[in-house]
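Asker: For reference, the structure I am asking about is given below.
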Amino acid sequence: MQNTADSEHSIEMTVLMTPDMANFSGKVHGGHILKVLDQVAYVCASRYSGHYVVTLSVDQVFFRHPIHVGEIVTFSATINHTGRSSMEVGIRVVAEDTRTRVTNHVLSSYFTMVALDENSKSVTIPHLQIVSDKQKERSEAALKRKELRDQIWKK
Numbered sequence: 001m002q003n004t005a006d007s008e009h010s011i012e013m014t015v016l017m018t019p020d021m022a023n024f025s026g027k028v029h030g031g032h033i034l035k036v037l038d039q040v041a042y043v044c045a046s047r048y049s050g051h052y053v054v055t056l057s058v059d060q061v062f063f064r065h066p067i068h069v070g071e072i073v074t075f076s077a078t079i080n081h082t083g084r085s086s087m088e089v090g091i092r093v094v095a096e097d098t099r100t101r102v103t104n105h106v107l108s109s110y111f112t113m114v115a116l117d118e119n120s121k122s123v124t125i126p127h128l129q130i131v132s133d134k135q136k137e138r139s140e141a142a143l144k145r146k147e148l149r150d151q152i153w154k155k
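So this is what it looks like as structure tokens:
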């Protein structure tokens with residue numbers, strides 16, 4: 001596994017898919033990818049906040065393409081929006097066939113992570129500074145997703 005801090009609010013992790021991650025047909029288990037997604041969200045959110053974090057929610061995960069043993073998979077994570085103690089981490093997953101160099105966007109997902117102190121109480125985190133149009137777009141989309149989650153949780 002390789003971790004690269006691109007900035008204070010994003011990370012990239014690249015993982016080689018090996019046989020121990022696969023089912024009998026040579027495709028990587030979806031559950032393994034979900035585990036790595038959660039780890040990537042944790043690394044991104046904890047580095048940004050400077051605190052231990054926990055997963056509050058995961059938005060829909062839809063696998064657009066299977067991932068095969070031998071492919072190199074890159075997980076690109078970014079803090080899209082911050083609240084008082086929570087943050088949305090957007091993760092884009094791209095698989096690369098090592099022989100052909102063809103890449104496929106496998107999935108995108110959104111994790112809500114909450115920063116905690118030593119007593120497992122939520123703690124205030126730094127406000128995300130929006131400096132680019134892309135960050136503004138991501139933050140606005142994150143707010144819309146948050147509103148949808150809030151509507152669901154109220155039911």
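The sequence shown lines up with residues 1 to 155 when you count with full-length UniProt numbering. For each residue, glycine too, the CB sits at the ideal point set by N, CA and C.
Going by other Cβ atoms of all chains shown within 10 Å of its Cβ, with 16 needed for buried, is Thr112 buried or exposed?
Answerer: On the sequence shown, residue 112 is found 112 positions in, with the first residue counted as 1. Result: buried.
Asker: Whole angstroms is fine: what's the gap from Ala41's alpha carbon to Ile125's?
Answerer: The sequence position of residue 41 within the sequence shown is 41, counting from 1. The sequence position of residue 125 within the sequence shown is 125, counting from 1. Spanning the two alpha carbons is a distance of roughly 16 Å.
Asker: In chain order, what residues of the same chain lie with their CB nearer than 8 Å to the CB of Arg138, ignoring the 5 residues before and after it?
Answerer: In the sequence shown, the residue the question calls residue 138 occupies position 138. The residues are Thr78, Asn80, His81 and Gly90.
Asker: Just the C-alpha distance for Thr74 and Ile130, rounded to the nearest angstrom, thanks.
Answerer: The residue you call residue 74 lines up with position 74 of the sequence shown. The residue you call residue 130 lines up with position 130 of the sequence shown. Cα to Cα, Thr74 sits roughly 25 Å from Ile130.
Asker: In chain order, what residues of the same chain have a beta carbon less than 7 Å from the beta carbon of Ala142, not counting five sequence neighbours either side?
Answerer: Here residue 142 corresponds to residue number 142 of the sequence shown, with the count starting at 1. Closer than 7 Å at Cβ, skipping near neighbours: Asn80, His81 and Glu88.
Asker: Let me know the secondary structure DSSP gives Glu147 once reduced to three states.
Answerer: The residue labelled residue 147 in the question sits at position 147 within the sequence shown. Helix at Glu147.
Asker: Give me the DSSP bridge partner(s) of Lys136.
Answerer: Counted from its first residue, the sequence shown places residue 136 at position 136. None, per the DSSP bridge assignment.
Asker: So Ser109 and Val58 are supposed to be a Cβ contact under 8 Å. How far apart are they, rounded?
Answerer: Working through the sequence shown from its first residue, we reach residue 109 at position 109. Working through the sequence shown from its first residue, we reach residue 58 at position 58. Yes, they are in contact, since the Cβ atoms of Ser109 and Val58 sit about 7 Å apart, within 8 Å.
Asker: Between the Cα of Lys121 and the Cα atoms of Tyr48, Ser85 and Phe62, which residue gives the shortest distance?
Answerer: Residue 121 sits at position 121 when you count from the first residue of the sequence shown. Of Tyr48, Ser85 and Phe62, the residue nearest in Cα terms is Ser85.
Asker: Give the list of continuous alpha helix (DSSP H) stretches no shorter than 4 residues that lie fully inside the UniProt domain "HotDog ACOT-type" (7-119).
Answerer: As far as the UniProt domain "HotDog ACOT-type" (7-119) is concerned, its whole alpha helix (DSSP H) runs of at least 4 residues are 30-49.
Asker: Alpha carbon to alpha carbon, how far is residue 169 from Val114?
Answerer: The structure shown does not extend to residue 169, since the chain spans only 1 to 155, so no value can be given for it.
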